[in-house]
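In what follows, a structure is listed as structure tokens, so that the remarks can point back to it.
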Amino acid sequence: MNSPLKGVIPPMVTPLLQNLQLDVNGLENLISHLLQGGVHGIFILGTNGEGPSLGYEVRRRLIVESCRIIDGQVPVMVGITDSSWSTVIEMAHFAEQAGADYLVLAPPYYFPITQDEMIGYLEKLIPELPLPVVIYDIPGCTKLHLNLKTIQSARKLGIQALKDSSGDLGALYTIMDAFKEDPEFSIIAGAELFMSDVLMNGGHGVVAGGANIFPNLFVQLYEASINKDLETVARLRHKVLQLQNSIYMLDDSPTNSIRAIKSSLSVMGICSDQMVPPLESFPETKKKILAQRLFQLGIKENAGYENQ
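With our numbering, the residue at position 66 of the sequence shown is 158, and numbering never jumps.
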């Protein structure tokens, strides 16, 4: 991969059956929906994909089936973050053999670690990994907010990109400034509302959960942002804000957006909203409200839920 990772890369949800096995039909529907929407890549086994909650058999099958269905149409990014050192390496090699293009790695969760410990971890781990690595900053789930020194050290070890889900726009601007002379390093926003700001100030793309629902909306916003079409950016950004306020805020749990995105896909008839405990899908009363709001946002297919 000589060119930077870029564009709209949905953190794909994982379609599941009631027995928590992979729903392959739902996966085919979802990938088709995303590709038809014009996305530039697909990220599996991330936060929206409930990656850390899935059994390893399901993770492996998801990797294999996703790579088979996508078949090289766009890059496939696979989350390999784990608390187990050996499992990270094992899943990395499995992803490479299945045909994935990138590995996504966050700090190992459970034990709090320092920046220096993270650098030491990467120094030992990166040489063991067979694919280009995207380092993932998501302190809300890992206890560590990667600083500039750590990211610079990771870059020297060969990582190809940063996925920033820290919510710290000031730190992100500092990182973008530090890497502005590096044409082969990608900076990918993880916060949807930061997307335009990041793209118009040297960033390369976005991993947007809402692109599971509205892939083409985010693709259009990406194109308007890189072209600095401010009028179109303002109009499309307003739609993203509506998505945040009307869909994600339907529930007040810490995982509200994850639940809302998966339930939206169920309402749209793309895949089920079965989730891995302790997460739960919305009850039918909320799904009816969700269907109404999706209809108002332009989703015409509402899988039998009446707009009333």
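Glycine residues also receive a C-beta, built at the ideal position from the N, C-alpha and C atoms.
All of these numbers come straight from a predicted model, not from anything done at the bench.
Nearest-angstrom Cα separation, counted from residue j out to residue i
i, j, result
"N394", "G361", "Interpretation of N394 is limited by its pLDDT of 40, a score under 50 that renders its predicted location unreliable; the figure taken from the coordinates is listed afterwards. Roughly 7 Å separates the two Cα atoms."
"Q189", "L322", "43 Å"
"K380", "R329", "26 Å"
"D343", "S175", "29 Å"
"I305", "V150", "23 Å"
"I136", "I162", "12 Å"
"I101", "M367", "22 Å"
"G118", "K320", "36 Å"
"K331", "K378", "21 Å"
"Y265", "K235", "21 Å"
"G390", "I123", "20 Å"
"E273", "E215", "24 Å"
Neighbour-count burial assignment, residue i, 16 or more Cβ in a 10 Å radius
i, result
"L197", "buried"
"K241", "exposed"
"I227", "buried"
"M341", "exposed"
"Y194", "buried"
"P107", "buried"
"F310", "buried"
"G164", "exposed"
"S349", "buried"
"D365", "buried"
"P167", "buried"
Of the residues the options, the one placed nearest residue i, counting alpha carbons only
i, options, result
"E315", "H132, L109, N117 and P102", "H132"
"I489", "R160, Y201, I162 and V166", "Here the chain comprises residues numbered 93 to 400, so residue 489 is not present and cannot be evaluated."
"F374", "S355, R385 and Q388", "S355"
"P103", "G118, N117 and T139", "T139"
"R351", "L382, L126 and F306", "L382"
"L155", "Q165, V166 and M183", "The amino acid at residue 155 is misidentified as Leu; the sequence shows Ile. Checking every option, the nearest Cα to that of I155 belongs to M183."
"L371", "V359, T377, I353 and Q384", "I353"
"F271", "S338, V311, C159 and R247", "R247"
"I211", "L238, M268, E220 and G191", "L238"
"Q388", "T347, L335 and Q312", "L335"
"S245", "Y148, A300 and D208", "D208"
"E220", "L285, L249 and A192", "L249"
"L285", "I267, N337, V168 and I243", "N337"
"L223", "F203, A187, D269 and E215", "A187"
Cβ-based neighbour list, residue i, same chain, cut-off 8 Å, excluding 5 preceding and 5 following
i, result
"V317", "Contrary to the premise, residue 317 reads as Ser rather than Val in this sequence. Contacts found: M287, S288, L291, M292 and V325."
"Y213", "P199, P200 and I205"
"L386", "I305, I339, S356, V359, M360 and N394"
"L126", "P102, M104, I134, A303, N304 and P307"
Sequence-distant residues of the same chain with beta carbon closer than 7 Å to residue i, five excluded per side
i, result
"N308", "G129 and G130"
"N121", "I362 and C363"
"E157", "L114, V116 and L119"
"G396", "With a pLDDT of only 39 at G396, under the threshold of 50, the placement of this residue in the model should not be trusted, and no figure is reported."
Minimum Cβ-Cβ distance from residue i to chain D less than 7 Å
i, result
"R247", "This model lacks chain D altogether; it includes just one protein chain."
Close beta carbons around residue i, own chain, < 6 Å, minus the five adjacent residues each side
i, result
"G191", "C159"
| Can you find at least 3 beta carbon pairs, one from the stretch 257-269 and one from the stretch 230-238, that sit closer than 8 Å? | Because the criterion of three Cβ pairs below 8 Å is met, the stretch 257-269 and the stretch 230-238 touch.
| said: Taking contact to mean 3 or more Cβ pairs, one atom from each stretch, closer than 8 Å, check whether the stretch 96-110 and the stretch 288-299 are in contact. | reply: Taking 8 Å as the limit for Cβ pairs, the verdict is that the stretch 288-299 does touch the stretch 96-110.
| task | Count the CB pairs spanning the stretch 105-114 and the stretch 279-292 that are closer than 8 Å, and state whether there are at least three. | result | Flag = no, the stretch 105-114 and the stretch 279-292 do not touch.
| task | Take every Cβ of the stretch 139-146, pair it with every Cβ of the stretch 178-185, and state whether three or more of those distances are shorter than 8 Å. | result | No, the stretch 139-146 does not touch the stretch 178-185.
| task | Flag this pair as touching only if the stretch 271-284 and the stretch 247-256 have three or more C-beta atom pairs under 8 Å; answer yes or no. | result | Yes, they touch.
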